[in-house]
Amino acid sequence: MKHLLLLGLLFAACPRDEPQEPTFSPDDRLLQKLKTEQERLAREQKKKVEAEAEPDPLTKVVTGTSAPDFLGIPRGVAADLGDVAFELVEVQRSQTVSGKKVSLSTADRFLRVSLDANAEKDTQLDLTAAQLVNGDKTAGIARDVQRLGKGSPLSLELKTHALTRVVLFFEAPDEMIGKGLKLVLTTDTSRVELPLQ
33 MKHLLLLGLL FAACPRDEPQ EPTFSPDDRL LQKLKTEQER LAREQKKKVE AEAEPDPLTK
93 VVTGTSAPDF LGIPRGVAAD LGDVAFELVE VQRSQTVSGK KVSLSTADRF LRVSLDANAE
153 KDTQLDLTAA QLVNGDKTAG IARDVQRLGK GSPLSLELKT HALTRVVLFF EAPDEMIGKG
213 LKLVLTTDTS RVELPLQ
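If you're matching positions, the sequence shown starts at 33 in my numbering and goes up one per residue.
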């Protein structure tokens, strides 16, 4: 019994060999690299979450219910382009143009410019070079929208003294739509500017 007691005391007094956690020096290069990588991954994850939280501006347009509005245009804007007299009727601004089956949307603005044209004689008129100008900014015809929105053909055959409604679509950034905005129409021999604002 004495031996058993002595043996029990011997085992109780011996320290156990437990694994110790490794210790790292704060100056350890590998540890610094791992911490840097962990911080980089955390920043990327934060950016990803923020990007997902901010909806795409075009998504807002497509899912929104914004109605077209009309720009206040100057009264009596008219000019002659060769043998054709043009008079500005209205300018409509929207972010979506719809056809029977398809709609087109933009984060900028679509401008639907309506004019009355009256020719002195039978005239073939090419409007492909029509553009909006404001300072050094320009915007040409938005051809897909021109077709979808049932704009006028860009090559028009005008009859003598037959009043014809001409509809042109443009896509322009918001900052371009303001004071100084004008419609520029050109032919081989003449050019005319119609102020829209």
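C-beta atoms are modelled at their ideal positions from N, C-alpha and C, and glycine is treated no differently.
This one's a predicted model, so the numbers in the text were calculated from it and none came from an experiment.
- prompt: For residue 203, does the count of other Cβ atoms within 10 angstroms reach 16, so buried, or fall short, so exposed?
  reply: Reading the sequence shown from its first residue, position 171 is the one you call residue 203. Per the 10 Å Cβ criterion, buried.
Quiz item: Comparing alpha-carbon positions, which option in 149, 61, 210 lies nearest residue 119?
Solution: Translated into the one-based positions of the sequence shown, residue 119 becomes position 87. For the residues 149, 61, 210, the minimum Cα distance to residue 119 belongs to 149.
Handout entry: Inter-stretch contact at 8 Å, needing at least 3 Cβ pairs: the region 149-166 / the region 125-140
Key = Counting C-beta pairs with one atom in each stretch, the region 149-166 and the region 125-140 have fewer than three that are closer than 8 Å, which means they do not touch.
task = Determine contact between the region 165-181 and the region 194-213, defined as no fewer than three beta-carbon pairs at a distance below 8 Å.
result = Contact holds: three or more Cβ-Cβ distances are below 8 Å.
> Less than 8 Å separating the beta-carbons of residue 226 and residue 162?
Replying inline: Against the sequence shown, residue 226 aligns to sequence position 194. Against the sequence shown, residue 162 aligns to sequence position 130. Not in contact: residue 226 and residue 162 (Cβ atoms no closer than 8 Å).
Quick check on the burial criterion: 16 or more other C-beta atoms within 10 angstroms. Buried or exposed for residue 102? For the purposes of this step, residue 102 is identified with residue 70 of the sequence shown, where counting begins at 1. That one is exposed.
Just the Cα atoms here: how many angstroms apart are residue 177 and residue 197?
Taking the sequence shown and counting its residues from 1, one reaches residue 177 at position 145. Taking the sequence shown and counting its residues from 1, one reaches residue 197 at position 165. Residue 177 and residue 197: Cα-Cα distance of roughly 17 Å.
Check your understanding: What is the rounded straight-line gap between the Cα of residue 228 and the Cα of residue 80?
Key -> By one-based count along the sequence shown, residue 228 stands at place 196. By one-based count along the sequence shown, residue 80 stands at place 48. Cα to Cα, residue 228 sits roughly 43 Å from residue 80.
Residue 145 vs residue 123 beta-carbon contact at 8 Å: The residue labelled residue 145 in the question sits at position 113 within the sequence shown. The residue labelled residue 123 in the question sits at position 91 within the sequence shown. Yes, Cβ-Cβ distance for residue 145 and residue 123 is below 8 Å.
| request: Tell me where the beta strand (DSSP E) around residue 200 begins and ends. | output: Here residue 200 refers to the residue found at position 168 when the sequence shown is read from its first residue. Element bounds for residue 200: 196-204.
### For residue 115, the three-state DSSP class (helix, strand or coil)
As a first step, residue 115 must be located in the sequence shown, where it is residue number 83. In this structure, residue 115 counts as coil in the three-state DSSP scheme.
Practice problem: Please classify residue 152: does DSSP put it in a helix, a strand, or coil? | Solution: For the purposes of this step, residue 152 is identified with residue 120 of the sequence shown, where counting begins at 1. Note: residue 152 maps to coil in three-state DSSP.
Could you check what DSSP says for residue 165 in three-state terms: helix, strand or coil?
The residue labelled residue 165 in the question sits at position 133 within the sequence shown. Residue 165 falls in the strand class under three-state DSSP.
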